[in-house]
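Visitor: Numbering (my numbering), first residue to last: 1 to 68. Don't be surprised by glycine CBs; every beta carbon is placed ideally from N, CA and C.
1) Once the 5 residues before and after residue 61 are set aside, which same chain residues still bring their CB inside 8 Å of it?
2) For residue 24, does the three-state DSSP call read helix, strand or coil?
3) Going by DSSP, name the residue or residues bridged to residue 10.
4) Measuring only from the beta carbon, is residue 26 closer than 7 Å to any heavy atom that is part of the ligand MG?
The structure is reproduced here in structure tokens:
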């Protein structure tokens, strides 16, 4: 029987939501092994004074398997 844990992470990127998600998975991988999935729960963005998106943000849940 596998036991899974979930980390909820928030991160941002200047490039896009996919890049922000990849950063969250990479950062989680610094401290946990056996990452199985990522679920992006929420997308948001900030808009600069020029009226363009300047930061893409995600809230995501990263699931990993706990080893005995």
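Guide: Reading off the structure:
1) Taken in chain order, the residues that qualify are 6, 7, 8, 9, 38, 39, 41.
2) helix
3) Paired residue(s): 59.
4) In terms of ligand content, the structure shown is empty, and the ligand MG therefore cannot be addressed.
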